[in-house]
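The structure appears right after this line, and notes come after that.
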Amino acid sequence: MINIVGIGTMGCKIAEKFEGEKQYKTFFISHEHSKSKNSRNIPRASDPQKLEESCPSLKYLFKEARGESILFVSGGEIISSVTLRALEALDSKKTTVFYIEPLKEILRGNIGLNENLVFHVIQEYARSGAIEKVVIISEEKLEEAIGDAPVISFQDMKHEFIASSVKLLCYFSNISPVYEVEGLKQEHSRICTLSTIDMSKKKTNSLYDLNYSTEMLYYFGISEAELQNDNKLMNRIKEISNQRRGDLISVTYRVFSTTYEQPQVLCLEKTMIVQERNEDENLRRDIQEE
Numbered sequence: 000m001i002n003i004v005g006i007g008t009m010g011c012k013i014a015e016k017f018e019g020e021k022q023y024k025t026f027f028i029s030h031e032h033s034k035s036k037n038s039r040n041i042p043r044a045s046d047p048q049k050l051e052e053s054c055p056s057l058k059y060l061f062k063e064a065r066g067e068s069i070l071f072v073s074g075g076e077i078i079s080s081v082t083l084r085a086l087e088a089l090d091s092k093k094t095t096v097f098y099i100e101p102l103k104e105i106l107r108g109n110i111g112l113n114e115n116l117v118f119h120v121i122q123e124y125a126r127s128g129a130i131e132k133v134v135i136i137s138e139e140k141l142e143e144a145i146g147d148a149p150v151i152s153f154q155d156m157k158h159e160f161i162a163s164s165v166k167l168l169c170y171f172s173n174i175s176p177v178y179e180v181e182g183l184k185q186e187h188s189r190i191c192t193l194s195t196i197d198m199s200k201k202k203t204n205s206l207y208d209l210n211y212s213t214e215m216l217y218y219f220g221i222s223e224a225e226l227q228n229d230n231k232l233m234n235r236i237k238e239i240s241n242q243r244r245g246d247l248i249s250v251t252y253r254v255f256s257t258t259y260e261q262p263q264v265l266c267l268e269k270t271m272i273v274q275e276r277n278e279d280e281n282l283r284r285d286i287q288e289e
């Protein structure tokens, strides 16, 4: 069983998409949830440090949450400051953090300062091996991948897009491929992002612009009929997976038999280099001015 942890409004909305599925156990930490056997309420505060200090111990909440965990959190919420408290209570070395980088227009004042801190600290945790890995998702890139959508359902579509991609990733990670080519693995490449790929259009939707990539891990979910009858399938798989192959980038691809009618393709892109932003200095200046 995989533990699913949501922190804050967005993190909890994503975690809710896993409820009711027997292979997942969900936990919620937010301002909205009341205290229960699988949730904790965090009082609101405008100061990240005060909010973290008011966070109750989470060890009892996670007392049975052993083994693999996936944690969702958006850096655009002040409550993201309790992320490290949650990791301390979890089996952190087996925990993957999906960090949603918020839209840039909200990164002002305490929100911007806190987001910048959490963004870098979680990466350092991943790089050092204190957590399994961090997968960075840009909310801006996420909106681009979704495309045109009704305003009333747009936010829920973001939650569903992330949740469905992670479920597919979990599925691929727990079954055996019918074909695979293994590239060189680098132990410290724990800072990642996720891409979805449309095989028919040969279009890649990367959910974050990762710098200094060292590994590309492709998952191809193909119907049994296509695996049996499409003689050009292997050429298309190689064409897609070799797009980023180079002296500094190792490529692995795995092909799975699925019941989906259409190909389901994901790519986990990895690096060992902490991601910096060109606007970090401007962000600090804006915070100081406010």
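Going by numbering that gives the first Met the number 0, the sequence shown opens with residue 0, and the numbers climb by one from there. Backbone N, C-alpha and C define an ideal beta-carbon position, used for all residues, glycine too. It should be emphasised that the depicted structure is a prediction, and the values quoted were computed from it without experimental measurement.
Among the options, nearest to residue i - alpha-carbon criterion
i           : options               : result
residue 219 : 111, 198 and 146      : 198
residue 200 : 104, 100, 89 and 261  : 261
residue 77  : 123, 8 and 248        : 8
residue 0   : 94, 83, 79 and 13     : 94
residue 35  : 227, 60, 16 and 105   : 60
residue 30  : 153, 50 and 125       : 50
residue 157 : 222, 172, 101 and 48  : 101
residue 167 : 114, 204, 264 and 115 : 264
residue 209 : 184, 271 and 187      : 271
residue 103 : 15, 153, 224 and 138  : 138
residue 20  : 233, 203, 163 and 98  : 163
residue 259 : 225, 233, 275 and 249 : 225
residue 22  : 42, 67 and 48         : 67
residue 203 : 33, 266 and 84        : 266
residue 109 : 222, 185 and 48       : 48
residue 113 : 247, 80, 152 and 43   : 80
residue 184 : 18, 250 and 32        : 250
residue 171 : 187, 221, 151 and 148 : 221
residue 298 : 111, 52 and 239       : Residue 298 lies beyond the residue range present for the chain, which begins at 0 and ends at 289; the question has no answer from this structure.
residue 92  : 274, 232, 69 and 248  : 69
Reduced DSSP secondary structure (H/G/I, E/B, other) of residue i
i           : result
residue 175 : coil
residue 124 : helix
residue 19  : coil
residue 39  : strand
residue 213 : coil
residue 147 : coil
residue 116 : helix
residue 165 : helix
residue 264 : strand
residue 290 : A query on residue 290 cannot be resolved here, the shown segment of the chain reaching from 0 to 289 and no further.
residue 130 : coil
residue 189 : coil
residue 45  : coil
residue 111 : helix
residue 10  : helix
residue 87  : helix
residue 208 : coil
residue 170 : helix
residue 100 : strand
residue 300 : Outside the displayed range of the chain (0 to 289) lies residue 300, so it cannot be described from this structure.
residue 26  : strand
residue 157 : helix
residue 53  : helix
residue 70  : strand
residue 92  : helix
residue 222 : strand
residue 140 : helix
residue 152 : helix
Whole-Å CB distance - residue i paired with residue j, under 8 Å assumed
i           : j           : result
residue 71  : residue 128 : Incorrect: roughly 21 Å between the Cβ atoms, too far for contact.
residue 133 : residue 96  : 5 Å
residue 206 : residue 141 : 6 Å
residue 45  : residue 26  : The pair is not a contact, with the Cβ atoms about 25 Å apart (cut-off 8 Å).
residue 269 : residue 161 : That pair is no contact at about 18 Å.
residue 24  : residue 2   : 5 Å
residue 90  : residue 126 : 19 Å between Cβ atoms; not a contact.
residue 195 : residue 144 : 7 Å
residue 99  : residue 136 : 5 Å
residue 88  : residue 28  : Their Cβ separation, rounded to whole angstroms, is 10 Å, which puts residue 88 and residue 28 out of contact at 8 Å.
residue 62  : residue 159 : In fact, because the Cβ distance is near 30 Å, the residues do not count as touching under 8 Å.
Any non-hydrogen atom of the ligand GTP closer than 8 Å to residue i Cβ
i          : result
residue 38 : Because no ligand of any kind appears in the structure shown, any question about the ligand GTP cannot be addressed here.
Touch check for the region 179 to 191 and the region 248 to 261: three-plus C-beta pairs under 8 Å? Yes: the two stretches touch, three or more of their Cβ pairs being nearer than 8 Å.
Are the region 103 to 122 and the region 56 to 67 touching, with three or more C-beta to C-beta distances below 8 Å? The region 103 to 122 is not in contact with the region 56 to 67.
Complete beta strand (DSSP E) runs within the region 226 to 261 (minimum length 3 residues, chain order): Uninterrupted beta strand (DSSP E) stretches at least 3 residues long and entirely within the region 226 to 261 occur at 249 to 257, given in chain order.
The region 208 to 218 contacting the region 237 to 249, beta-carbon criterion three pairs below 8 Å: Result yes; three or more Cβ-Cβ pairs closer than 8 Å.
Pairs of beta-carbons, one from the region 72 to 91 and one from the region 10 to 28, closer than 8 Å: are there three or more? Touching, yes.
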